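Trainee: Below you'll find the structure I mean.
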Amino acid sequence: MRILAVGDVVGTSGCIMMRDFLRTIKKEKQIDFCVVNAENASNGKGITRSLAYELLDYGADVLTMGNHTFSKLADMSKLFEENANILRPANYPPGTMGVGYKIFHANGVPIAVANVLGRVYLAQLDCPFRAMDAIIEEIGTQAAVILVDFHAEVTSEKVAMGWYLDGRVSAVWGTHTHVLTADERVLPNGTAYITDIGMTGPRNGILGVKKEIILKRFVQAQHDKFELDENGRTQLNAVVIEVDELNGKAKKIERLTIFE
Ligand SMILES: [Fe+2]
Ligand SMILES: [Fe+2]
Numbered sequence: 005m006r007i008l009a010v011g012d013v014v015g016t017s018g019c020i021m022m023r024d025f026l027r028t029i030k031k032e033k034q035i036d037f038c039v040v041n042a043e044n045a046s047n048g049k050g051i052t053r054s055l056a057y058e059l060l061d062y063g064a065d066v067l068t069m070g071n072h073t074f075s076k077l078a079d080m081s082k083l084f085e086e087n088a089n090i091l092r093p094a095n096y097p098p099g100t101m102g103v104g105y106k107i108f109h110a111n112g113v114p115i116a117v118a119n120v121l122g123r124v125y126l127a128q129l130d131c132p133f134r135a136m137d138a139i140i141e142e143i144g145t146q147a148a149v150i151l152v153d154f155h156a157e158v159t160s161e162k163v164a165m166g167w168y169l170d171g172r173v174s175a176v177w178g179t180h181t182h183v184l185t186a187d188e189r190v191l192p193n194g195t196a197y198i199t200d201i202g203m204t205g206p207r208n209g210i211l212g213v214k215k216e217i218i219l220k221r222f223v224q225a226q227h228d229k230f231e232l233d234e235n236g237r238t239q240l241n242a243v244v245i246e247v248d249e250l251n252g253k254a255k256k257i258e259r260l261t262i263f264e
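When the letters of the sequence shown are read in order and numbered with the numbering used here, they come out as residues 5 to 264.
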C-alpha cells in the first residue's frame, strides 16, 4: 500500500496548497492513506477546529501535531472531544487531553499512526523512545503497518529514532524543521526513514515567516512579532512510502515537492 506524509502545513497558503493539490497527488501517486502534519496551520501556531476539518476534507486521513499542539487550546479540546482524526505527541504527561496514536483502516488494512515529540531544544516531555516502546507493545498484533511522525529539532535525535525503531515500525519521518532532507532510505530491517519531510506553505520566507523579520533577528538582534510570508510563492513537501501491508515492511520511500 502507498502512504503519503505531508510536511508541516503553514498558514493559509499551506492550506491552499492542500486544497489545490492533495486530491491530484493522491490520485496520481495511487495513495491509500495520507498523514498530514498540521501544527502550523492556523497562522503558524496550532490549528483551529474549522481548519482541521478543512484539511481532513481535502483528503488527509489523519492530522499530526507537534510543539504547537495546544496553541489553540479550546479548538484542540473540542476536536479531541469530537474524536476527530487528529493526534498530539504521545509523550505528553499522562492525563493530557487527546491521544498520541490511533489505529485507522484503509482498504480494510489496519494502519497505526503515532506522533511523538523530541526533547532536544523542545519541551521536556516523557521519553519519546520509551513512549514508542509502549505504543508498539499496545498495538501488538492489531496492526502490521505502523507509521511514526517524530516531531523534533535535531537531526541526531531523529536518526536515533529511525535506528531505534528499525524493523519494529513501517516508517519514521521527521517533522518540525520545515526543511526537507535528502536522506530518505529504507533501513536494513524494513523501516522507511527520512530526517525531515519539510513544509507546505510559503516558499520565500524563512521557515514560513517573512524573511525581513527573521533577518532582523539575526542581523540586528531585534525581535519583532512573527508574521507569515503569505503573499509570495508556495511549496508542498511530502514523501510517498510503499509498504507491504501483510508484514508492515517498507519497500520504498521517495520525496515529492510541488512549487507554485
Ligand atoms: Fe514544530
Ligand atoms: Fe512546524
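Glycine included, each C-beta is placed from N, C-alpha and C at the ideal position.
Quick caveat: nothing in here was measured; it's all calculated off a predicted structure.
Hey, would you say the C-beta of G284 is under 7 Å away from at least one heavy atom of ligand 2?
Mentor: For residue 284 there is no data in the structure shown, the boundaries of the chain being 5 and 264.
Trainee: DSSP state of P114, grouped into three classes?
Mentor: For the purposes of this step, residue 114 is taken as residue 110 along the sequence shown, with counting starting at 1. In the structure shown, P114 sits in a strand (DSSP, three-state: E or B).
Trainee: Work out the CA separation of G50 and A42 for me, nearest whole Å.
Mentor: Working through the sequence shown from its first residue, we reach residue 42 at position 38. Working through the sequence shown from its first residue, we reach residue 50 at position 46. Their backbone Cα atoms lie some 7 Å apart in a straight line.
Trainee: Which whole-angstrom value is the C-beta distance of T94 and V66, which I expect to be below 8 Å?
Mentor: In the sequence shown, residue 94 corresponds to position 90, counting from 1. In the sequence shown, residue 66 corresponds to position 62, counting from 1. One point to set straight first is that residue 94 is Ala, not Thr, in the sequence displayed. That belief does not hold up - the Cβ atoms of A94 and V66 are roughly 13 Å apart, past 8 Å.
Trainee: Is it the case that the CB of E43 approaches a heavy atom of ligand 2 more closely than 7 Å?
Mentor: Counting from one through the sequence shown, the residue named residue 43 turns up at place 39. Yes, the Cβ of E43 comes within 7 Å of a heavy atom of ligand 2.
Trainee: Around the Cβ of D61, are there at least 16 other Cβ atoms within 10 angstroms (buried) or fewer (exposed)?
Mentor: As a first step, residue 61 must be located in the sequence shown, where it is residue number 57. With fewer than 16 Cβ atoms within 10 Å of its Cβ, D61 is classed as exposed.
Trainee: Does the segment 222-240 come into contact with the segment 128-136, if we say contact requires no fewer than three beta-carbon pairs (one atom in each stretch) closer than 8 Å?
Mentor: no
Trainee: Within a Cβ cutoff of 7 Å, which residues of the same chain sit near V243, ignoring the five residues on either side of it in sequence?
Mentor: Residue mapping note: residue 243 aligns to position 239 of the sequence shown, counting from 1. The beta carbon of V243 sits closer than 7 Å to those of A9, W177, E188, I198, I201, I257, E258, R259 and L260, all from its chain and outside the five residues before and after it, given in chain order.
Trainee: Which of the three DSSP states is assigned to R259 in this structure?
Mentor: As a working mapping, residue 259 is identified with position 255 in the sequence shown. Looking at R259 - three-state DSSP - the assignment turns out to be strand.
Trainee: For a test of the three-state rule: what should DSSP assign to K31, helix, strand or coil?
Mentor: Within the sequence shown, residue 31 is the residue found at index 27, counting from 1. DSSP places K31 in helix when its eight states are reduced to three.
Trainee: Quick check on I20: does DSSP put it in helix, strand or coil?
Mentor: Translated into positions along the sequence shown, residue 20 becomes position 16. Helix at I20.
Trainee: Looking at N71 and ligand 1, is the gap between the Cβ and the nearest heavy atom below 7 Å?
Mentor: Along the sequence shown, read from residue 1 onward, the residue named residue 71 stands at position 67. The answer is yes for N71.
Trainee: In terms of alpha-carbon separation, which member of E264, E246, K220 and D228 lies closest to L240?
Mentor: Along the sequence shown, read from residue 1 onward, the residue named residue 240 stands at position 236. Per the Cα distances, E264.
Trainee: Is it true that the CB of I7 sits closer than 8 Å to the CB of A175?
Mentor: What you label residue 175 is simply residue 171 of the sequence shown in a count that begins at 1. What you label residue 7 is simply residue 3 of the sequence shown in a count that begins at 1. Yes, these two residues count as a Cβ contact at 8 Å.
Trainee: Give me the Cβ distance between A156 and L126, rounded to the nearest whole Å; I'm assuming they're in contact under 8 Å.
Mentor: Taking the sequence shown and counting its residues from 1, the one referred to as residue 156 is at position 152. Taking the sequence shown and counting its residues from 1, the one referred to as residue 126 is at position 122. Indeed, because the Cβ distance is near 7 Å, the residues count as touching under 8 Å.
Trainee: Secondary structure at Q128, three-state DSSP: helix, strand or coil?
Mentor: Locating residue 128 in the sequence shown gives position 124, counting from the first residue. Residue state, collapsed to three classes: coil.
Trainee: Does the Cβ of K229 have 16 or more other Cβ atoms within 10 Å, making it buried, or fewer, making it exposed?
Mentor: Counted from its first residue, the sequence shown places residue 229 at position 225. If you draw a 10 Å sphere on the C-beta of K229, you find fewer than 16 other C-beta atoms in it, and that means exposed.
Trainee: Ignore the nearest five residues each way along the sequence and tell me which others in G166's own chain have a CB closer than 7 Å to its CB.
Mentor: Numbered from 1 along the sequence shown, position 162 holds the residue referred to as residue 166. The residues are V176, L191, T195 and Y197.
Trainee: Between the alpha carbons of P98 and V39, how many angstroms are there, rounded?
Mentor: Working through the sequence shown from its first residue, we reach residue 98 at position 94. Working through the sequence shown from its first residue, we reach residue 39 at position 35. Going by the C-alpha atoms only, they are around 24 Å apart.
Trainee: Taking 7 Å as the cut-off, does the CB of H180 come closer than this to any heavy atom belonging to ligand 2?
Mentor: As a working mapping, residue 180 is identified with position 176 in the sequence shown. Yes; taking the cut-off as 7 Å, the Cβ of H180 has a heavy atom of ligand 2 nearer than that.
Trainee: Could you spell out where the alpha helix (DSSP H) holding L77 opens and where it closes?
Mentor: By one-based count along the sequence shown, residue 77 stands at place 73. Taken as a continuous stretch (DSSP letters only), the alpha helix (DSSP H) holding L77 covers L77 to E85.
Trainee: Looking at D187 and ligand 3, is the gap between the Cβ and the nearest heavy atom below 7 Å?
Mentor: Ligand 3 is absent from the structure shown, which contains only ligand 1 and ligand 2.
Trainee: By DSSP, does Q239 sit in helix, in strand, or in coil?
Mentor: Position 235 of the sequence shown, counting from 1, holds the residue named residue 239. In this structure, Q239 counts as strand in the three-state DSSP scheme.
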